[in-house]
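In the working numbering, the protein residues as written are 217 to 837.
Built from N, CA and C at the ideal position, the CB exists for glycine as well.
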C-alpha cells in the first residue's frame, strides 16, 4: 500500500486586512456553501456562509442597539458550539474586541479577567454560567449587559434587565439594521490591520493570567500563510471540539473563514460518536486526545482475545516499519509492502472507519506529541502534523507539512515573514506580524517578553536542525536541575511513560534532588483489565487498584523500558501512583490540559517526600 496525499490544494482564500472584511468577503464569495454544522434534536443542521453572516450581522446590530462602540471589550464564555463562533464574529463586525473565557473557569478567574479587560458586555452559554456571574456581580459593575444563549431569565428579580436572551438581542439587531443599514460597512472602514481583534488570557500555570493582545493582522496574515502550509480546501470539513477560548481553536475558526471550508462542532465526550457521522477530512487536537484514542484502541484489541491481540501487535509492528521507510524517503516494497497492505485491510482500515473513513490528517498542538504515537497513526493512514505555538504567537509558529514532515519535530516556521532563532541559552525566539503586540496593561511583562529588537522570548527550549525543522526540548521554566547540576527535560520522560496506556498522566519530579521520581495517574479500565488478565479479581478501590502487584509490575516494567533510553541522571528511580486523575476542576490542570506543576507538587508533597525521605543520603546511584 502506498501513502499519497493530494497536494493540488484549492485553498485560495478571500482577501481582507481585518477579520470583519474577510468575513464579509467570504459570505459574498461562497454564499450557499456550508459553513457550520450543529447537531440538534438528533439531526445535523447546516448554516451556509450567507446565513451565518446574516446571523452575525444581527448580533452586531444588536450590540450597537444596546450601546456597544468601536473598541469595546466584549467577553465570551461558553463551550465549543456554533453560537460561540457566530457571536465572536458578530462582535468583531460591531468593532468589538473579543475577550474569551473558558466556561470551566472558576469565579475568581472570571472576575479577574472581566475586571482586568474592562469588558462591558459578556456572552454566556447557560444558567450555570449565569449563576457564576450573579455570585460576582458586585465585583463587576462595569459589565452592563449579559447575553444569554440558552434559556431565559424573565421573572427573576435577581437578574432584572441585566440579562438579555440572544434571540432578543438578534430581534433588536434586525430592527437596528432597518434604520441604520450602513452601520457595519462604516465600522469596517474604521478598522485596520493593526486594530486590536482579541485579548486572550493565558492559562495561568503560575500567578494571574496575562491578557495577550492580538491584532486583526495576526489572524488574517496567519490564515493566509496557514493554508500554504496545511492542505485545506473549500470542500473540506473539520470536526472542531477544542475549546474556542483557546487560541488554537480561534485560529482554526479564522482559517475556516478565509478558505471557506465547513466546521462541525462537538464536545469532548461526543467526538467518537460524531466523527463517524460528520466524516471530517481533517481534525485538530492535543496529544491527550490521541493518547486516549491509542489507549482505547489497544484496550479494545486486548479485550477481543489472544488472537485479535496478536494480530493488532503484528499490524502495529509492520505499520511502524513501513512508516519508517516512508520517513526515510522510500516506499515500502517487497514483503513489507504486502504485509502492510494486509495489516491495513485487517486492522488499520477499521480504525479509519471509526473516524468516518475520509480523515486524511490531523493537526496536533499545545503539548509535545510522542514519536511512537505519530508513527502509529501514520501507519494507520492518518498523518499527524505536529505544530508549535503559543497564545502569544497566535497558536502557530511552525508546523509540519503533508509533504515535508519529521516526527519528533514541530516542523518549519509557518511563513517566511515569521523569523525563528535559538538564543545562546537554547530558548526559542520569534519575530513577526502574527506575534502579540503586547500584554494588556502590563508594560513590564511586555518588555520582559519582547526584547528591544522585537524578538519574542517563548520560554521554550529547542533547536533547529540542518533542514530547518524545529525540535522542542522543554519549557525553560519546567527544566529540572538535579542537586548534581544536571538538567532534565521532564516532558520528554512523561511522554515516554504515557506510551503504556495504563499510565494516563505523569508528572516528573527532581528539582534540586539527587535523583528523578514521578507521580502517575492510572487508566482504571486498563488497570482492571491487567488484573483480570492475570487471573485475579480487580479491587474496586482506586488506591488498592493502583498498588495491586500486577499493576505495579506493569508500571515498573514501563519505567525500566524508559530508563533504558535515558542517561543515568535522567532515569526515574521511584514512581508513586496518584489516588485519582489530575483535573481542571481541582486546579491541577489548565483548561488546555497542561499540568500545573507547582500545584501538583504542593498538593502531593507528602507522597513526593516519601520517595526521597531516608533514601537520598545513602543512595549509591
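Those residues which DSSP pairs with residue i across a bridge
i, result
"residue 648", "Looking at the DSSP assignment, residue 648 forms no beta bridge with any residue, so it has no partner."
"residue 434", "Answer is none; residue 434 lacks a bridge partner."
"residue 253", "262 and 480"
"residue 337", "290 and 361"
"residue 620", "617"
"residue 427", "417"
"residue 242", "Note: residue 242 sits in no beta bridge, so no partner."
"residue 454", "479 and 498"
"residue 577", "498 and 599"
"residue 697", "703"
"residue 643", "677"
"residue 323", "Per DSSP, none; premise fails for residue 323."
Identity of the residue in the options nearest residue i by Cα
i, options, result
"residue 477", "827, 454, 466 and 635", "454"
"residue 514", "531, 352 and 312", "531"
"residue 354", "342, 536, 378 and 367", "378"
"residue 523", "562, 277 and 635", "562"
"residue 799", "483, 448, 816 and 625", "816"
"residue 410", "418, 322 and 430", "430"
"residue 607", "597, 351, 665 and 735", "665"
"residue 456", "826, 432, 443 and 487", "487"
"residue 288", "276, 543 and 295", "276"
"residue 593", "301, 575 and 327", "575"
"residue 482", "459, 475 and 595", "459"
"residue 508", "801, 265, 240 and 738", "738"
"residue 812", "497, 694, 529 and 301", "694"
"residue 318", "291, 634, 311 and 721", "291"
"residue 748", "259, 789, 780 and 521", "521"
"residue 826", "681, 240, 307 and 789", "789"
"residue 313", "351, 538 and 432", "432"
"residue 493", "682, 573, 722 and 239", "573"
"residue 376", "337, 685 and 361", "361"
"residue 644", "659, 253 and 667", "667"
"residue 787", "807, 710 and 661", "710"
"residue 646", "491, 238, 674 and 658", "674"
Residue environment, residue i, which counts as buried when at least 16 other CB atoms sit within 10 Å
i, result
"residue 222", "Note that residue 222 scores 46 on pLDDT, short of 50, meaning its location in the model is unreliable and no value can be drawn from it."
"residue 466", "buried"
"residue 244", "exposed"
"residue 733", "buried"
"residue 712", "buried"
"residue 640", "exposed"
"residue 676", "buried"
"residue 783", "exposed"
"residue 615", "buried"
"residue 309", "buried"
"residue 236", "buried"
"residue 829", "exposed"
"residue 462", "buried"
"residue 554", "exposed"
"residue 584", "buried"
"residue 274", "buried"
"residue 544", "exposed"
"residue 425", "buried"
Residue i to residue j span [Cα, whole Å]
i, j, result
"residue 408", "residue 234", "6 Å"
"residue 760", "residue 795", "9 Å"
"residue 332", "residue 701", "40 Å"
"residue 820", "residue 671", "38 Å"
"residue 231", "residue 484", "33 Å"
"residue 823", "residue 792", "7 Å"
"residue 611", "residue 605", "4 Å"
"residue 417", "residue 344", "22 Å"
"residue 404", "residue 335", "21 Å"
"residue 718", "residue 588", "16 Å"
"residue 679", "residue 624", "12 Å"
"residue 577", "residue 590", "11 Å"
"residue 832", "residue 708", "Confidence in residue 832 is poor, its pLDDT being 45 and thus under 50, which makes the residue's placement unreliable; the coordinate value appears in the next sentence. Spanning the two alpha carbons is a distance of roughly 24 Å."
"residue 635", "residue 346", "43 Å"
"residue 399", "residue 655", "31 Å"
"residue 814", "residue 286", "40 Å"
"residue 471", "residue 435", "8 Å"
"residue 779", "residue 449", "44 Å"
"residue 720", "residue 358", "43 Å"
Residue i beta carbon near the ligand GTP (any heavy atom closer than 8 Å)
i, result
"residue 788", "Here there are no bound small molecules, and the ligand GTP is not part of this structure."
Are three or more beta carbon pairs between the stretch 731-743 and the stretch 766-786 nearer than 8 Å?
Flag = yes, the stretch 731-743 and the stretch 766-786 touch.
Give a yes or no on contact between the stretch 721-733 and the stretch 691-709, applying the rule of three or more CB pairs nearer than 8 Å.
yes
How about the stretch 772-787 and the stretch 745-757: do they share at least three Cβ pairs that are nearer than 8 Å?
As far as the Cβ criterion goes, the stretch 772-787 does not touch the stretch 745-757, which means the pair count is below three.
Segment contact flag, the stretch 625-643 with the stretch 543-552, C-beta cutoff 8 Å, min 3 pairs
no
How do the stretch 379-390 and the stretch 263-281 stand: do at least 3 beta-carbon pairs fall below 8 Å, yes or no?
yes
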